[in-house]
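Numbering (my numbering), first residue to last: -7 to 208.
Notes follow the structure.
Right, dumping it as structure tokens:
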């Protein structure tokens, strides 16, 4: 029997989502798509970046809201370290702020978790062929005017600290995680409150949820 040496290489995909069932479901759907292979999975941004230091997929499909390093930050790191890897966001959030932050950080595709299964294949093939894919609903969001993003309002360090505050961590815990002193964390928290004109932790947490830094 003659072998078919012209068969194209499969599109190699890495999945990142902190919910095991969600990843399993996406992987099962992609297993039915001809010419697509899921080669690795990650539960958060740190795991995802560590994987990409050893393997080189064609596409990363990632959630945005994950514990530790979130998807937005991870997308920026991937874009800087591995510019040839295409990143598709698969999220339950479709606000203008989310979409524009993802694109600004280097995402080339964005679709919703409630999208029909065929759209997963459509997104993958479009990103490989044209370099981008945005569902109709997401494309409409990109055309809408947006309020200032969290990156417009806060520094990257302040975003990190705000995220950890909203996760319920104390100044001491945040200081340990980021290699800072508790006093420095307190100073940053005060400046965050001043910049956002918010007066308490509950208001900061609501802001973080609205901006997609943490889940409700």
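For glycine and all other residues, C-beta sits at the position ideal for the given N, C-alpha and C.
Please read these numbers as outputs of a predicted model, since none were measured by experiment.
| query | result |
| --- | --- |
| Test item: CB-CB of residue 119 and residue 158 under 9 Å | no |
| Contact set for residue 59: own chain, Cβ-Cβ below 7 Å, skip 5 residues either direction | 10, 36 |
| Alpha helix (DSSP H) segment containing residue 120, residue limits | 109 to 122 |
| Delimiting residues of the alpha helix (DSSP H) encompassing residue 205 | Neither: residue 205 is in no alpha helix (DSSP H) and is coded neither H nor E. |
| Nearest-angstrom Cα separation, counted from residue 85 out to residue 26 | 28 Å |
| Inter-stretch contact (C-beta, 8 Å, three-pair minimum) for the stretch 121 to 132 and the stretch 161 to 169 | no |
| Same chain only: Cβ atoms within 7 Å of residue 177, ignoring 5 sequence neighbours per side | 153, 163, 166, 167 |
| CB of residue 146 within 9 Å of CB of residue 22, strictly | no |
| Distance, residue 186 Cα to residue 149 Cα | 15 Å |
| N- and C-terminal bounds of the alpha helix (DSSP H) containing residue 185 | 174 to 188 |
| Neighbour-count burial assignment, residue 206, 16 or more Cβ in a 10 Å radius | buried |
| Proximity winner among 14, 62, 6, relative to residue 106 (alpha-carbon distances) | 14 |
| Host beta strand (DSSP E) of residue 7 (start-end) | 3 to 8 |
| Rounded straight-line distance, which links the Cα of residue 20 to that of residue 55 | 17 Å |
| Residue 184 at chain C interface by Cβ criterion, 9 Å | Of the chains in the structure shown, none is chain C; there is only one protein chain. |
| Three-state secondary structure (DSSP) of residue 159 | coil |
| Burial state of residue 90, where buried means 16 or more other Cβ atoms lie within 10 Å | buried |
| Whole-angstrom distance between residue 62 and residue 38, CA atom to CA atom | 9 Å |
| Contact under 9 Å by Cβ, residue 50 with residue 73 | no |
| Beta-carbon spacing of residue 68, residue 101 below 9 Å | no |
| Buried/exposed call for residue 83, threshold 16 Cβ in 10 Å | buried |
| Of the residues 44, 142, 17, 8, the one placed nearest residue 88, counting alpha carbons only | 142 |
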